[in-house]
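Below you'll find the structure, written out as structure tokens, and then a few comments.
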Amino acid sequence: MRRINVEVITQNIAEMCCEANFNLGKDIIEGLTEALKNEESPVGRDVIQQILNNAEISSRDGVPLCQDTGFAVVFIELGQEVSLVGGDLDEAINKGVREGYHRCYLRKSMVNDPLMRDNTGDNTPAVVHYNIVPGNNIKITFVPKGGGSENMSRIKMLKPTEGESGIIDFVLETVNAAGANACPPVVIGVGIGGTFETCALLAKKALLRPLQQVNSNVYYADLEKRLCMAVNCLGIGPQGFGGRITALAVHIEAAPTHIACLPTAVNLNCHASRHVQRIL
Amino acid sequence: MSGMKVSLPLTEQMIHDLRCGDQLLLSGFLYTARDAAHKRLVESLSKNGKLPVELKGQVIYYAGPTPAPPGRVIGSAGPTTSQRMDSMTIPLLEYGVKGLIGKGSRSEEVKKALVQYKAVYLAATGGAGALLAQRIKSAEIVAYEDLGPEAIYKLEVQEFPVVVINDINGNDLYEAGQKAYKRLI
């Protein structure tokens, strides 16, 4: 067994909170640079240029990319040969979030209860997803997820016979209803299959894939491409001002499901699609 | 960033001349207010018709900035989704607020009220909070400090970039823009 002190996890999470909020990923910058070439709308190009300038200012001056520094979503892939020592893992993660959000002057957006709505003051609790995997490493993915695009996300229990066309209609309907609210150009995570709750998680996981990386399954890779083209025919454009580039990419994650079910979830992410990863 | 330079508060003539799609660079004062502050503003208006800050003729910015690090005026300060303020907007327009800045479309009721009360809805680029913060020269909390990021800040801005979404003639850039670029699949 490899022993890892949970304090190490706290320190890494704290650093990752800052890193993710100040640095837009290279894949997203590349996607936006490509979008700038393809956008026909003058105001749309102006918006994409603002977004690229924003990324430069953010990492240079240490000002968060967006004032919505998000829910602190954390994915932990824990190797089954790792023994965690020195305290409670969940608490170690929350401590990291608390320290990171304080140290880097990030916004504290969490409220204690959905109806009482008192701000917890430190952006905890984090939303943590654990996965036990073979090996002796811990993979941590930190995702600050904005509320604006989260609000525009949807899930629908389709009928199996609705199939691919039902999924396409639902994705287009969701993106169209979101309009400018989700801060286009967006990244679209689509979860297909599983149960009600795993489907939504698949959609979120789909957002973590590098922008240019397509699904490893040829059929889904093709569906991603067709969906992205269809979304970009909607005309919403950067910030909804009208234009060709509404989405930078569509990513699908699929999973086995029940004979009666075709759950489909669409998790939208704004252009500031932030996520960082470390392997300990 | 291109745009016509406009001083705040907006004059009656300026509001009259603005058209959906116009790109503006605003200089002057803005007042931030988002969900929780709106709730209190509207409660205050219905109780005694008064507000803790004079907003007559002013522009409200739907924003909840990140805390200011030492040596800076403000943290990241982009717009939030306007839709959440729709149900609380009309009393403020009735009171005399002349401009709203946010992102995303407004309800039909708000659009009608903008025409009726001769006010404009503008959008700033969502997710460009670091860039927009550079255009903010001073920030001061003027009400509801206990709301933290949702407090009302008085911001002095210089050449703050926005786009006119809804003008006083009932035009809507989100509708017109999408229509112009929509393609049949």
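From first to last, the protein sequence lines stand for chains A and B.
What the first sequence shows, in our numbering, is residues 2 to 281, in sequence order.
What the second sequence shows, in our numbering, is residues 1059 to 1243, in sequence order.
We treat Cβ as the ideally placed atom computed from N, Cα and C, and that holds for glycine.
Model, not experiment: these values are computed from the prediction.
Would you tell me roughly how many angstroms separate the C-alpha atoms of residue 232 of chain A and residue 240 of chain A, rounded to the nearest one?
Here residue 232 of chain A is taken as the residue at index 231 of the first sequence, counted from 1. Here residue 240 of chain A is taken as the residue at index 239 of the first sequence, counted from 1. Their backbone Cα atoms lie some 14 Å apart in a straight line.
When you compare only the Cα positions, how much space is there between residue 56 of chain A and residue 1085 of chain B?
Here residue 56 of chain A refers to the residue found at position 55 of the first sequence. Here residue 1085 of chain B refers to the residue found at position 27 of the second sequence. Cα to Cα, the separation comes out at about 24 Å.
Is the region 1126-1141 of chain B touching the region 1106-1117 of chain B in the sense that three or more CB pairs, one from each, lie closer than 8 Å?
no
Please identify the residue among A:64, A:71 and A:77 whose C-alpha is closest to the C-alpha of residue 1128 of chain B.
Walking along the second sequence from the start, residue 1128 of chain B turns up at place 70. Checking every option, the nearest Cα to that of residue 1128 of chain B belongs to A:64.
Beta-carbon within less than 6 Å of residue 1160 of chain B's beta-carbon, same chain only, minus the 5 sequence neighbours each way: which residues are those?
Position 102 of the second sequence, counted from the start, is the residue given in the question as residue 1160 of chain B. So the list reads 1120, 1137 and 1140, once near-sequence residues are dropped.
How many angstroms separate the CA atom of residue 24 of chain A from the CA atom of residue 129 of chain A?
Sequence index remark: in the first sequence, residue 24 of chain A carries index 23 (1-based). Sequence index remark: in the first sequence, residue 129 of chain A carries index 128 (1-based). Cα-Cα distance, rounded: 22 Å.
So, with DSSP's three-state summary, where would you put residue 1181 of chain B?
For the purposes of this step, residue 1181 of chain B is taken as the residue at position 123 of the second sequence. The answer is strand: DSSP assigns residue 1181 of chain B an E or B state.
DSSP state of residue 137 of chain A, grouped into three classes?
Within the first sequence, numbered from 1, the residue matching residue 137 of chain A stands at position 136. Three-state DSSP puts residue 137 of chain A in coil, outside helix and strand.
What number of angstroms, rounded off, separates the C-alpha of residue 1215 of chain B from the C-alpha of residue 45 of chain A?
As a working note, residue 1215 of chain B is residue 157 in the second sequence. As a working note, residue 45 of chain A is residue 44 in the first sequence. Rounded to the nearest angstrom, the two C-alpha atoms are 23 Å apart.
What's the gap between the Cα of residue 1082 of chain B and the Cα of residue 1062 of chain B?
Start at 1 with the first residue of the second sequence, and residue 1082 of chain B comes out as number 24. Start at 1 with the first residue of the second sequence, and residue 1062 of chain B comes out as number 4. Residue 1082 of chain B and residue 1062 of chain B: Cα-Cα distance of roughly 5 Å.
If I follow the unbroken beta strand (DSSP E) through residue 1089 of chain B, where does it start and stop?
Here residue 1089 of chain B refers to the residue found at position 31 of the second sequence. Per DSSP, residue 1089 of chain B belongs to the beta strand (DSSP E) from 1081-1090.
Verify whether the separation of the beta carbon atoms of residue 143 of chain A and residue 14 of chain A is less than 9 Å.
Along the first sequence, read from residue 1 onward, the residue named residue 143 of chain A stands at position 142. Along the first sequence, read from residue 1 onward, the residue named residue 14 of chain A stands at position 13. Here residue 143 of chain A is near residue 14 of chain A, since their CB atoms are less than 9 Å apart.
Check whether the region 113-132 of chain A touches the region 82-99 of chain A, counting contact only when three or more Cβ pairs, one atom from each stretch, lie closer than 8 Å.
yes
Would residue 1232 of chain B count as contacting chain A if we go by Cβ distances under 9 Å?
As a first step, residue 1232 of chain B is located in the second sequence; it is residue number 174 there, counting from the start. True, the Cβ-Cβ gap to chain A drops below 9 Å.
Short check: CB of residue 243 of chain A to CB of residue 1236 of chain B, under 9 Å?
Along the first sequence, read from residue 1 onward, the residue named residue 243 of chain A stands at position 242. Along the second sequence, read from residue 1 onward, the residue named residue 1236 of chain B stands at position 178. Yes.
Taking just the CA atoms, how far does residue 1148 of chain B sit from residue 1218 of chain B?
For the purposes of this step, residue 1218 of chain B is taken as the residue at position 160 of the second sequence. For the purposes of this step, residue 1148 of chain B is taken as the residue at position 90 of the second sequence. When rounded, the distance between both Cα atoms is 25 Å.
Can residue 272 of chain A and residue 235 of chain A be called in contact, C-beta distance under 9 Å?
As a first step, residue 272 of chain A is located in the first sequence; it is residue number 271 there, counting from the start. As a first step, residue 235 of chain A is located in the first sequence; it is residue number 234 there, counting from the start. Not closer than 9 Å, so no.
Look up residue 161 of chain A in the DSSP assignment and say whether it is helix, strand or coil.
Counted from its first residue, the first sequence places residue 161 of chain A at position 160. Helix at residue 161 of chain A.
Tell me the DSSP secondary structure of residue 143 of chain A in three-state form.
Mapped onto the first sequence, residue 143 of chain A falls at position 142. In the structure shown, residue 143 of chain A sits in a strand (DSSP, three-state: E or B).
To the nearest angstrom, report how far apart residue 1172 of chain B and residue 1117 of chain B are at their CA atoms.
Within the second sequence, the letter at position 114 stands for residue 1172 of chain B. Within the second sequence, the letter at position 59 stands for residue 1117 of chain B. Rounded to whole angstroms, residue 1172 of chain B to residue 1117 of chain B spans 13 Å at the Cα level.
Assuming residue 141 of chain A contacts residue 74 of chain A under a Cβ cut-off of 8 Å, what Cβ separation, rounded to an integer in Å, is found between them?
Looking up residue 141 of chain A in the first sequence gives position 140. Looking up residue 74 of chain A in the first sequence gives position 73. 11 Å between Cβ atoms; not a contact.
Could you spell out where the alpha helix (DSSP H) holding residue 23 of chain A opens and where it closes?
Position 22 of the first sequence, counted from the first residue, corresponds to residue 23 of chain A. Start and end: 7-23.
Taking Cβ positions only, does residue 70 of chain A come closer than 9 Å to chain B?
Here the question's residue 70 of chain A lines up with position 69 in the first sequence. Judged by the 9 Å Cβ criterion, residue 70 of chain A is in contact with chain B.
Rounding to the nearest angstrom, what Cα-Cα distance links residue 237 of chain A and residue 196 of chain A in this structure?
Counted from its first residue, the first sequence places residue 237 of chain A at position 236. Counted from its first residue, the first sequence places residue 196 of chain A at position 195. Cα to Cα, the separation comes out at about 31 Å.
For residue 1154 of chain B, which of B:1176, B:1164 and B:1228 has the nearest alpha-carbon?
As a first step, residue 1154 of chain B must be located in the second sequence, where it is residue number 96. For the residues B:1176, B:1164 and B:1228, the minimum Cα distance to residue 1154 of chain B belongs to B:1176.
Against chain A, does residue 1147 of chain B count as a neighbour if the rule is that its beta carbon must be under 9 Å from one of theirs?
Residue mapping note: residue 1147 of chain B aligns to position 89 of the second sequence, counting from 1. No, residue 1147 of chain B lies away from the interface with chain A (no Cβ there is under 9 Å from its Cβ).
Could you spell out where the beta strand (DSSP E) holding residue 254 of chain A opens and where it closes?
Here the question's residue 254 of chain A lines up with position 253 in the first sequence. Element bounds for residue 254 of chain A: 248-256.
Under 9 Å between beta-carbons, which chain B residues line up against residue 52 of chain A? List them in chain order, please.
Taking the first residue of the first sequence as 1, we reach residue 52 of chain A at position 51. What residue 52 of chain A touches in chain B: 1183, 1185, 1186 and 1189.
For residue 1139 of chain B, does the three-state DSSP call read helix, strand or coil?
Against the second sequence, residue 1139 of chain B aligns to sequence position 81. DSSP places residue 1139 of chain B in strand when its eight states are reduced to three.
With distances taken between CB atoms, is the gap from residue 157 of chain A to residue 256 of chain A smaller than 9 Å?
Position 156 of the first sequence, counted from the first residue, corresponds to residue 157 of chain A. Position 255 of the first sequence, counted from the first residue, corresponds to residue 256 of chain A. Not in contact: residue 157 of chain A and residue 256 of chain A (Cβ atoms no closer than 9 Å).
Taking a Cβ distance cut-off of 7 Å, strictly less, list which residues of the region 1133-1163 of chain B are near chain A, in chain order.
1133, 1134, 1135, 1136, 1138, 1139, 1141, 1161, 1162 and 1163
Leaving aside the five residues before and after residue 1131 of chain B along the sequence, list all residues of the same chain whose C-beta is less than 7 Å from its C-beta, in chain order.
As a first step, residue 1131 of chain B is located in the second sequence; it is residue number 73 there, counting from the start. Result list for residue 1131 of chain B: 1194, 1195, 1196 and 1197, in chain order.
If you measure between the beta carbons of residue 1223 of chain B and residue 1074 of chain B, is that distance less than 9 Å?
Against the second sequence, residue 1223 of chain B aligns to sequence position 165. Against the second sequence, residue 1074 of chain B aligns to sequence position 16. Going by C-beta atoms, residue 1223 of chain B is not nearer than 9 Å to residue 1074 of chain B.
Please name the residue or residues paired with residue 85 of chain A in a DSSP beta bridge.
As a working note, residue 85 of chain A is residue 84 in the first sequence. Partner(s): A:5.
Interface residues of chain B around residue 108 of chain A at Cβ under 8 Å?
As a working note, residue 108 of chain A is residue 107 in the first sequence. Chain B residues near residue 108 of chain A: 1122, 1123, 1124, 1125, 1133, 1134 and 1207.
Which residue's Cα is closest to the Cα of residue 1065 of chain B: B:1079, B:1076, B:1077 and B:1087?
Counted from its first residue, the second sequence places residue 1065 of chain B at position 7. Among B:1079, B:1076, B:1077 and B:1087, the Cα nearest to that of residue 1065 of chain B is on B:1087.
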